[in-house]
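J.: A single structure is presented below for examination.
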Amino acid sequence: MMIDYVVFLPLVTALALLIIPRGATGALKGVALLGAVATFVLSLGLLALGRGQVLDQSLPWISGAWTAAYHVRVDGMSEFFVLLTTLVSVAAIWAAFSYAGLERLRGFLCLLLIFETTLLGLFTAGDLLLFYVYWDLMLIPVFLLLVGYADSEKARRAAWTYLIYNGGGGLVLLLGLIGVITHTGTFEVLGHSYAFGPIEGWLFAAFAVAFLIKTPSFPFHAWMPSTYTNSPAPLVAMVAGVQSKAGLYGFLVFALPLFPNAAHVWAPVLLVLAVISIVYGAFTALGQRDMKTLVAYSSLSHLGLVLLAFFAFDLTSIAASLVMIVSHGLISAAVFLLVGFIEERSGTRDLDAFGGLAARAPRLQAIMLVAAMALLGLPGLSGFSGEFLILIGSWQTQPVITAISLIAIVLASAYTLRLFQAAMHGPERIPGERPYGDLRPREILLVAPLLAAIVIFGVWPGWLTDRTPNSVTVPPARAASLGHRA
Amino acid sequence: MIQPVSIDWGVIAPLTVLVSTGLLVLLADLASNAAPRKLLYGIGAVGSLAAFLASLPLAGQVQATFGGAYATDGFSWPFDALLLLTLAVTFLLSSLARAEDGGNPGAYASLLIFCTVGGMIMAGSTNLIGIFIGLEVLSLALYALAGTGFPRRSSAEAALKYVLLGSLASGFLIFGMALLYGAGGSIALSSLAQAASGGGPLFIVGFALFLVGIAFKLALAPFHIWTPDVYEGSPLAVTAFMAVAVKAAAFAVLARFAYVVFVHDAPALVPLWAIAVLSMIVGNVGAIRQTNLKRLMAFSGIAQAGYLVLALAGVGRNGLATLVFYLAAYAFMNLGAFAVVALIGDGDEHHADLAAYRGLFFRRPVPAALMMLFFLSLAGIPATAGFIGKVLLLGQAVSAGPWGVAMAVALVAGTIVSFYVYFKVIWQMFAPVDSDIIESNGNGLASWIAVGIGAAGVLLLGIVPQLLLSRL
């Protein structure tokens, strides 16, 4: 029940927004924020789950040629995916107050809340069909927000790229699911192991393609720059911060435990894709003038590290992957929101067209500095903990790949400092002499929890380590033998 | 010596109720010189609901009457129920259409009813002659219905095209049936099973011609050429009826034929799988460039008919349940979408133009959101009936061996293309408007009820599919 409340509270809030009378903007904002905060507070209750503990409940749903269950579960790992979602959602929904005209604020908030429900549903689904339901439903709010609420022709075009890539990935996943049930007869596969025989490799590939598109990873990332760049800041905070974790979650909970042999067979391919994502993302970020595109490519680079952690099959790196996942979610959400604040003040995202905001917005500069340092991996902040632990671990099994990935760590400092310096320092330049001010209290309050979490996990990454499922952390020796056998 | 035929009235109760309704409508039209349209449609709607209720007790029963020529079983009652529900919704939609009944509501209403009677005869017949009679009753009534928007030239064009091509298809069908009779020595489908396992040339050619006739009715490619023009020209309510009812009746025949004649998957069915894949390609690709919603729905119907064939892949267990489920989903999402068009257009045919939907969400959020629901279901997005239907279809197909897997892959590929088609409509509704759009402010209660029925069906079947699945 507890899980259902957390998942559906945002949806109920969205429905409640529909009956608020026209013009009552205050009530609209109040109810939306209250719903998001209440969801976050409720989800804090899940923190009681320690390593290896599970809260789950299953009801029969469909039975016929195959069966599916309404099975929801949260364990010591997925609680952090849930918390990341609820925390980022509070910030995004609060930030959304200043986006979309008052006319369209209701729709904007409703869609963000529905998006939150689909994400929470995904991270708590214990049944493959239920997982897929949320996986596909996620497309709808994002597509609609891009089409109807971003107010640019580019965003409306980006909506198509987003839809076709992610929808296509979803359908490949659906084919994989159908392949699974022809062997299992049920979608409730969690906690069981099956012998899929010769088609295991194909099934894993179908799952992997869908997950790599959503993350995204090279070469499936073509939808990402346009979507991230053209989305309103609250939306991109949720897409980059939370939705990008859906595929990684899928690997951890479904693909790796279900298809252990195929995962090892495909590992070299995935490692190569990961290292290309890491290096290519970093190099491309270096060359961007658009702030959002720059952060988008940095995201490609950082999430490649998580894939490296999975497929290096080293105990340390897999155990640390959750640190990187949560940390990237917090940092990218914070940075995208802050970039949104900057854009609001400068009127442009072009780093060459403006600069020197620090002089008149010292608070913005201070907060942006913390976020930027987290992004480049300064020790003491969560970005460092994740990267460092993953690299230490994967060095054990994949020294070459890991060494190449180190290039990206150096480049991260370069592009992050460029982002920060070009926007904040140098002579004061604002196109059209816009009047701009420092961060308002609302804006500070909404990013503060994200920054606080970044510091907490930077200082105490141990809270997050060793929570990935046991079945994933196959000892390297056994992994090698599995690889040979298959 | 001629044996007296015993008639089990319980088996034909829904038919009896519906035929009586048809006669009642004709009488009411005759009695008053100008019977109000709403009265006639009201009688029709109530009669079809009564027949629907009469069909429910037949669920799960297997009985035959007329010397075994007409049966009620799994191949008939779910299809009957669907046909009757479709008829009731069509009457709701018709009450909005101004002067689209050719100024003769009595004839229009009775034609709709007798058309449905034909469909039910098709679904219940266990021999070739019964199937042909039902098909002709259905077709002849539909030819006339396509032309009831007569003052519009496109409606007359639709009727003429439909008659000409439809007669040709009927010719194929009856010729095929003659050959099948020659192969099996009897008009009963059950006697064809032996001929099918023998696979002689007479049977093969007969079956091929039979298949052409049925494929025409189902608008399966390459026998779909008539579809876009006929859908576009016919009055909106007739188009909605045509899209759903004809498919339901023809699939009932195809399913009965497949399961009775081919006990196992047979090589003779391979052309059917090929036609299905071709339909998915033609339907989805053809829909991409359409700017008229009725034409778009025509192409979408071609593709959806292709998907539906997957239910029969391998002629396996659960195939019939899968077919009925997806057909029910298809009925709800199509009728719902047409009902929104009727609601927005207020009976005006120009509102089938896609451009009229630009920015609709920001002007009329509720109809736009419901329209989105129906198109999401057509695209197979979860939490809708269309999604569960597609999962059932895919599961059915994949369990049927290599041909089935190929069809499943084709379905998935077709669905990706169809995303563009269906989301184009959603995109239009959510993209802000740059120009002024003159909007009629349709708000008819009847179409709201029709939209409501569609939405309830799509959501219930999408979220608690067991409601229907457990009864199949």
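These protein sequence lines map, in sequence, to chains X and S.
Each residue of the first sequence is one higher than the last, beginning at 19 in this note's numbering.
Each residue of the second sequence is one higher than the last, beginning at 780 in this note's numbering.
We treat Cβ as the ideally placed atom computed from N, Cα and C, and that holds for glycine.
Mind checking who S/Ala850 pairs with in its DSSP beta bridge?
T.: Within the second sequence, residue 850 of chain S is the residue found at index 71, counting from 1. Per DSSP, S/Ala843.
J.: Please name the residue or residues paired with S/Asp808 in a DSSP beta bridge.
T.: Sequence index remark: in the second sequence, residue 808 of chain S carries index 29 (1-based). For S/Asp808, which the question treats as bridged, DSSP gives no partner whatsoever.
J.: When you compare only the Cα positions, how much space is there between X/Ala440 and X/Val353?
T.: Position 422 of the first sequence, counted from the start, is the residue given in the question as residue 440 of chain X. Position 335 of the first sequence, counted from the start, is the residue given in the question as residue 353 of chain X. Cα-Cα distance, rounded: 15 Å.
J.: Can you find a CB in chain X that lies within less than 7 Å of the CB of S/Gly839?
T.: As a working mapping, residue 839 of chain S is identified with position 60 in the second sequence. By this cut-off, S/Gly839 is not an interface position.
J.: Looking at the structure shown, is X/Arg363 part of a helix, part of a strand, or coil, going by DSSP?
T.: Against the first sequence, residue 363 of chain X aligns to sequence position 345. In the structure shown, X/Arg363 sits in a helix (DSSP, three-state: H, G or I).
J.: Measuring CB atoms only, is the segment 1107 to 1118 of chain S touching the segment 1224 to 1240 of chain S, in the sense that at least three cross pairs come out at less than 8 Å?
T.: Output reads yes: the segment 1224 to 1240 of chain S touches the segment 1107 to 1118 of chain S.
J.: So with CB distances below 7 Å, who are the chain S contacts of X/Thr200?
T.: Counting from 1 along the first sequence, the entry for residue 200 of chain X is found at position 182. Neighbours of X/Thr200 on chain S, chain order: Val1177 and Ser1178.
J.: Hey, out of S/Pro930, S/Ile892 and S/Gly928, whose CA is closest to S/Ser918's CA?
T.: As a first step, residue 918 of chain S must be located in the second sequence, where it is residue number 139. Nearest of S/Pro930, S/Ile892 and S/Gly928 to S/Ser918, Cα basis: S/Ile892.
J.: Quick check on S/Pro1211: does DSSP put it in helix, strand or coil?
T.: Residue mapping note: residue 1211 of chain S aligns to position 432 of the second sequence, counting from 1. If DSSP states are grouped into helix, strand and coil, S/Pro1211 belongs with coil.
J.: Is X/Ile80 helix, strand or coil when you go by DSSP?
T.: Counting from 1 along the first sequence, the entry for residue 80 of chain X is found at position 62. X/Ile80: strand per DSSP, three-state reduction.
J.: Closer than 8 Å by beta-carbon distance: list the chain S residues that pair up with X/Trp84, in chain order.
T.: Numbered from its first residue, the first sequence carries residue 84 of chain X at position 66. Near X/Trp84 (Cβ distances below 8 Å), the residues of chain S are Gly1174.
J.: Would a C-beta distance cut-off of 7 Å place S/Ala1108 and S/Gly1098 closer than the cut-off?
T.: The residue given as residue 1108 of chain S occupies position 329 in the second sequence. The residue given as residue 1098 of chain S occupies position 319 in the second sequence. No.
J.: Here's the rule: buried if 16 or more other CB atoms are within 10 angstroms of the residue's CB, otherwise exposed. What is X/Asp332?
T.: Locating residue 332 of chain X in the first sequence gives position 314, counting from the first residue. With 16 or more other Cβ atoms within 10 Å, it is buried.
J.: Between S/Val1237 and chain X, is there a C-beta pair that is closer than 7 Å?
T.: By 1-based counting over the second sequence, the position of residue 1237 of chain S is 458. Chain X contact via Cβ: absent.
J.: Please report the straight-line C-alpha distance between S/Ala1229 and S/Phe951, rounded to a whole angstrom.
T.: What you label residue 1229 of chain S is simply residue 450 of the second sequence in a count that begins at 1. What you label residue 951 of chain S is simply residue 172 of the second sequence in a count that begins at 1. Distance between the alpha carbons of S/Ala1229 and S/Phe951 is about 37 Å.
J.: Determine whether the Cβ of S/Leu1248 lies closer than 7 Å to any Cβ atom of chain X.
T.: Numbered from its first residue, the second sequence carries residue 1248 of chain S at position 469. So yes, S/Leu1248 belongs to the interface.
J.: So, at 8 Å on beta carbons, what are the nonlocal neighbours of S/Val1064 in its own chain, with the 5 sequence-adjacent residues on each side left out?
T.: Reading the second sequence from its first residue, position 285 is the one you call residue 1064 of chain S. Val1196.
J.: Check whether the segment 140 to 155 of chain X and the segment 111 to 120 of chain X touch, using three or more Cβ-Cβ pairs below 8 Å as the test.
T.: The segment 140 to 155 of chain X vs the segment 111 to 120 of chain X: no contact.
J.: Would you list, in chain order, the members of the segment 1141 to 1156 of chain S that have their beta-carbon closer than 9 Å to a beta-carbon of chain X?
T.: Correct list: Phe1141, Pro1144, Met1151 and Leu1155.
J.: Please tell me whether S/Pro1244 has its Cβ less than 7 Å away from any Cβ of chain X.
T.: Along the second sequence, read from residue 1 onward, the residue named residue 1244 of chain S stands at position 465. So yes, S/Pro1244 belongs to the interface.
J.: Against S/Asn1097, what residues of chain X qualify as contacts under a CB-to-CB distance less than 8 Å, listed in chain order?
T.: Position 318 of the second sequence, counted from the start, is the residue given in the question as residue 1097 of chain S. The contacting residues are Gly82 and Ala83.
J.: Express the C-alpha separation of X/Val313 and X/Ser499 in angstroms, rounding to a whole number.
T.: As a working note, residue 499 of chain X is residue 481 in the first sequence. As a working note, residue 313 of chain X is residue 295 in the first sequence. Note on X/Ser499: pLDDT 44, under 50, position unreliable in the model; no value is reported.
J.: Give the residues from the segment 893 to 914 of chain S that approach chain X closer than 8 Å (Cβ to any Cβ), ordered along the chain.
T.: Residues passing the 8 Å Cβ filter: none.
J.: Should the segment 958 to 966 of chain S be called in touch with the segment 900 to 912 of chain S, which here means at least 3 C-beta pairs below 8 Å?
T.: Result yes; three or more Cβ-Cβ pairs closer than 8 Å.
J.: How many angstroms separate the CA atom of X/Glu461 from the CA atom of X/Leu33?
T.: By one-based count along the first sequence, residue 461 of chain X stands at place 443. By one-based count along the first sequence, residue 33 of chain X stands at place 15. Cα to Cα, X/Glu461 sits roughly 26 Å from X/Leu33.
J.: Consider the Cβ of S/Phe986: report whether some Cβ of chain X lies at a distance smaller than 7 Å.
T.: Position 207 of the second sequence, counted from the start, is the residue given in the question as residue 986 of chain S. No, its Cβ sits nowhere closer than 7 Å to a Cβ of chain X.
J.: So the candidates are S/Leu1139, S/Gly1062 and S/Phe954; which of them puts its Cα closest to the Cα of S/Pro1007?
T.: Here residue 1007 of chain S corresponds to residue number 228 of the second sequence, with the count starting at 1. Considering only alpha carbons, the answer is S/Gly1062.
J.: Does S/Thr1194 have its Cβ less than 7 Å from a Cβ in chain X?
T.: Within the second sequence, the letter at position 415 stands for residue 1194 of chain S. With 7 Å as the cut-off, S/Thr1194 counts as an interface residue toward chain X.
J.: Excluding sequence positions up to five away, which residues of its chain have a Cβ less than 8 Å from the Cβ of S/Leu794?
T.: Walking along the second sequence from the start, residue 794 of chain S turns up at place 15. Closer than 8 Å at Cβ, skipping near neighbours: Ala830, Val896, Met899, Ile900 and Gly903.
J.: Against chain S, which members of the segment 128 to 151 of chain X pass a CB distance test of less than 8 Å?
T.: Residues Leu147, Tyr150 and Val151.
J.: Roughly how far, in whole angstroms, is the beta-carbon of X/Met510 from the beta-carbon of X/Leu340, given that I think they are within contact range, below 8 Å?
T.: Lying before the first or after the last residue shown, residue 510 of chain X is absent from chain X, which here runs from 19 to 504.
J.: Please state whether the Cβ-Cβ distance between X/Thr434 and X/Ala390 is less than 7 Å.
T.: For the purposes of this step, residue 434 of chain X is taken as residue 416 along the first sequence, with counting starting at 1. For the purposes of this step, residue 390 of chain X is taken as residue 372 along the first sequence, with counting starting at 1. It is a contact, given that the beta carbons lie within the stated cut-off.
J.: Could you run through the segment 169 to 188 of chain X and flag, in chain order, every residue whose CB is less than 8 Å away from some CB of chain S?
T.: Result list: Asp169, Arg174, Ala177, Trp178, Leu181, Ile182, Gly185 and Gly186.
J.: For X/Ala56, which option in X/Phe98, X/Leu29 and X/Phe272 has the closest C-alpha, if you only look at C-alpha atoms?
T.: Position 38 of the first sequence holds residue 56 of chain X. Closest by alpha carbon: X/Leu29.
J.: By a C-beta neighbour count over all protein chains shown, 10 Å radius and 16 as the cutoff for buried, is X/Thr43 buried or exposed?
T.: Within the first sequence, the letter at position 25 stands for residue 43 of chain X. Under this definition X/Thr43 is an exposed residue.
J.: Compute the Euclidean distance between the alpha carbons of X/His320 and X/Ile296, then round it to the nearest angstrom.
T.: Counting from one through the first sequence, the residue named residue 320 of chain X turns up at place 302. Counting from one through the first sequence, the residue named residue 296 of chain X turns up at place 278. Cα to Cα, the separation comes out at about 6 Å.
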